[in-house]
Structures are given as structure tokens and as C-alpha cells.
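Peer 1: Dropping the structure in here first, questions after.
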Amino acid sequence: MSAKNGSIKLVAGNSNPALAQAIAQGLYLPLTKAVVRRFADMEIFVEIQENVRGSDAFVIQSTSFPANDHLMELLIITDALRRSSARRITAVLPYFGYARQDRKSGSRTPISAKLVANLITQAGVDRVMTLDLHAGQIQGFFDIPTDNLYAAPLMVRDIKDKFDLSKTMVISPDVGGVARARGLAKRINTPLAIVDKRRERAGESEVMNVIGDVAGYTCILIDDIVDSGGTLVNAADALIAKGAKDVYAYITHGVLSGGAAARIAGSKLKELVITDSILPTEAVTKAPNIRTLPIASLISDAIARTAAEESVSSLFD
Numbered sequence: 002m003s004a005k006n007g008s009i010k011l012v013a014g015n016s017n018p019a020l021a022q023a024i025a026q027g028l029y030l031p032l033t034k035a036v037v038r039r040f041a042d043m044e045i046f047v048e049i050q051e052n053v054r055g056s057d058a059f060v061i062q063s064t065s066f067p068a069n070d071h072l073m074e075l076l077i078i079t080d081a082l083r084r085s086s087a088r089r090i091t092a093v094l095p096y097f098g099y100a101r102q103d104r105k106s107g108s109r110t111p112i113s114a115k116l117v118a119n120l121i122t123q124a125g126v127d128r129v130m131t132l133d134l135h136a137g138q139i140q141g142f143f144d145i146p147t148d149n150l151y152a153a154p155l156m157v158r159d160i161k162d163k164f165d166l167s168k169t170m171v172i173s174p175d176v177g178g179v180a181r182a183r184g185l186a187k188r189i190n191t192p193l194a195i196v197d198k199r200r201e202r203a204g205e206s207e208v209m210n211v212i213g214d215v216a217g218y219t220c221i222l223i224d225d226i227v228d229s230g231g232t233l234v235n236a237a238d239a240l241i242a243k244g245a246k247d248v249y250a251y252i253t254h255g256v257l258s259g260g261a262a263a264r265i266a267g268s269k270l271k272e273l274v275i276t277d278s279i280l281p282t283e284a285v286t287k288a289p290n291i292r293t294l295p296i297a298s299l300i301s302d303a304i305a306r307t308a309a310e311e312s313v314s315s316l317f318d
């Protein structure tokens with residue numbers, strides 16, 4: 002397979018090698034030979050071991066834990082490709098770290114998502130491709146073309162295969178996620194309810210009320226990021242207390258830091274479904290009620306369309 006102007010080169014950092022390999026297989030292309038390693042003091046060194054002159058290069062790298070290391074890998078790989086005369090460089094970020102810092106949360110605080118966008122742009126990236134940004138307006142933080150892909154079509158297919166939709170209800174875990182939940186409910190033609198919560202401090206949440214009658218329904222919580230898991234666990238408790246039959250959750254990015262996997266495993270959640278935008282930890286892999294939904298086919302299709310100068314948005318029509 003080749004791009005409209007130049008050959009396609011897929012370069013992977015160390016954030017999610019399994020996903021990078023699956024994307025390459027979907028495109029019937031090998032990953033470009035490259036070395037991404039560290040010196041004794043943890044300084045990052047990159048060497049591209051193939052000719053990439055005039056190529057359409059795609060750097061596959063989630064900026065997940067450890068976020069700063071993986072971000073620096075992305076920037077240094079980009080610099081190496083630019084200095085090796087790649088024609089165009091696209092940063093493929095299945096998970097865009099720092100996206101939750103998309104506004105000033107208080108006095109004298111940064112907008113880190115904008116800072117990271119500036120770093121990526123200044124490093125020499127020509128285009129960004131990412132998945133389910135925490136806030137759509139983050140696209141505007143980049144002064145280069147940015148494609149925000151959506152995991153919703155994959156989730157819709159999975160939900161239709163596994164649930165009786167006549168007895169299913171979509172739930173937003175907070176007021177801020179209503180638009181996302183409403184979009185999913187519309188796609189599968191089910192009712193919608195909202196969990197109203199009050200967050201006392203970062204990483205903790207207290208469920209206050211359920212807006213909507215969930216009694217007798219199989220409830221599906223929908224969101225973009227699960228980190229500590231506290232919101233989902235509290236929401237599941239509240240929904241069960243209101244008479245929900247079972248509670249499931251479909252979340253795009255499984256950050257699942259600290260003891261989140263154990264918290265989910267011991268909760269009333271029947272199942273948490275996450276994508277593999279972030280490489281699952283051993284704890285996540287072993288959790289009996291956490292399942293991973295592959296996204297390689299979605300990203301490989303988007304890369305193929307970008308390389309051929311075709312519409313990416315038509316993937317979601």
C-alpha cells in the first residue's frame with residue numbers, strides 16, 4: 002500500500018506496541034525499523050533505521066503512563082523523521098494525555114492541553130489523528146489539521162450483539178457527558194438517564210441522584226475516560242439502588258491508575274468495556290469484569306484514508 006504522494010511509513014514508540022503492530026497488520030505494512038531507547042540517565046535516544054525521505058510517516062504513540070516519557074518519545078521521533086526528510090508527519094495519538102487540562106480550573110493554573118499541542122506542532126508534526134478527545138474544542142488547540150476519531154461505532158456494534166435493546170438504557174455518569182450519552186442512545190434507540198454527582202476533590206466523586214427511572218433496565222454507562230474508577234463504582238451503586246437490573250460501562254480510554262482495576266473488580270459493575278487505546282496493565286488484564294475492545298481496524302482505516310487524501314469523516318456516516 003502506498004500514499005498518494007510517497008510511501009507510507011509506520012513508526013511506533015514504546016507506549017503501546019501491541020496496538021501499533023495490529024494497526025500495521027491491518028494496513029498490510031511492516032512497522033518501520035527504528036530504535037527508541039534510553040541512556041543510563043533515562044535520556045531518550047531515537048534512530049530511524051530505514052530510508053524515510055519523501056515518505057508519508059505516521060507515528061503511533063499514546064501519551065499514556067508514563068505520560069511525560071511517552072510524550073518526549075513522540076517529540077523526538079518526530080524530530081528524527083523531520084531531519085530525515087519525511088514528506089509529511091502525522092502523529093497518531095490513540096490516547097491524548099493532558100486532555101483533561103483543557104481549561105483554567107482555578108487561579109494561576111495552566112491549560113496544559115494547549116501547551117502539549119504547541120509542543121507537538123513545534124516538533125514538526127504536520128497532522129494529528131486521535132480518538133475521543135476529552136473535549137472536542139481541543140482540536141482548536143492545534144494549528145495543524147486534526148482528526149478526532151470516534152469509538153462509538155465499535156461500541157454500538159458490540160452493544161447490539163450483546164444486549165436486548167428493548168430493556169436497555171444508556172446512562173451518562175455526569176451532567177457533562179450528556180451529549181456523548183445522548184448520541185449513543187440515539188444510535189441504538191434506547192432511553193437515557195443521568196447520574197448527578199458532586200466531586201469533592203480530584204479522583205473522588207460522590208453520587209447524589211439518578212435523573213430518570215432505571216428500574217428493571219440493563220444500564221450502560223458511557224464515558225471517554227476512566228481513571229480511578231470511583232465515578233463508575235458510585236454510579237453503579239446508585240443505579241442498582243434505584244432498581245437497575247445490571248450495570249455495564251463502555252469507556253474509550255482505560256487509564257485505570259493505582260488500584261482502579263481492583264476497585265472495578267470488587268464493584269457492582271457487571272462488566273467494564275474499554276478500548277486498547279492504552280496498553281492494559283497486568284491488573285487490568287486479570288480483572289474478571291474488564292474486557293478490551295480492539296480499535297486497530299478503525300485507526301488503520303483512518304490512516305489509509307489520510308494517506309490516500311480521502312475523507313476520514315465518512316468512516317462515521
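Sequential numbering from 2 applies to the sequence shown in my numbering. Glycine included, C-beta positions come from ideal geometry on N, C-alpha and C.
(1) Mind reading off the beta-carbon distance from I304 to L28? Whole number of angstroms is fine, and I expect it under 8 Å.
(2) Looking at T147: is its Cβ nearer than 8 Å to the Cβ of V129?
(3) Fully enclosed by the segment 12-99, which beta strand (DSSP E) runs are 3 residues long or longer?
(4) Along the chain, which unbroken stretches of the alpha helix (DSSP H) at least 4 residues long are found entirely within the segment 99-132?
(5) Counting Cβ pairs, one atom from each stretch, are 3 or more of them under 8 Å apart for the segment 247-261 and the segment 273-290?
(6) Using DSSP bridges, identify the partner residues of G231.
(7) Could you tell me the alpha carbon to alpha carbon distance between L132 and N210, rounded to whole angstroms?
(8) Please list the terminal residues of the continuous alpha helix (DSSP H) segment that includes A279.
(9) Go ahead and pull the three-state DSSP assignment for A242.
(10) Please report the straight-line C-alpha distance between S167 and I189, rounded to a whole angstrom.
(11) Consult DSSP for L294 and reduce its assignment to one of helix, strand or coil.
(12) Distance check for T122 and R104, CA to CA, integer angstroms please.
(13) Are there 16 or more other CB atoms within 10 angstroms of the CB of N69, so buried, or fewer, so exposed?
(14) Any idea which residues DSSP pairs D175 with across the strands?
(15) Among H254, Q50, L134, which residue has its Cα nearest to the Cα of S229?
(16) For V93, tell me which candidate among A41, E74, L233 has the shortest Cα-Cα distance.
Peer 2: The short version:
(1) 6 Å
(2) yes
(3) 35-39, 45-49, 57-61, 89-94
(4) 113-124
(5) yes
(6) According to DSSP, which records beta bridges pairwise, G231 is partnered with nothing at all.
(7) 30 Å
(8) According to the sequence as given, residue 279 is Ile; it is not Ala. Premise fails: I279 is in no alpha helix (DSSP H) and is neither H nor E.
(9) helix
(10) 10 Å
(11) strand
(12) 19 Å
(13) exposed
(14) Answer is none; D175 lacks a bridge partner.
(15) H254
(16) E74
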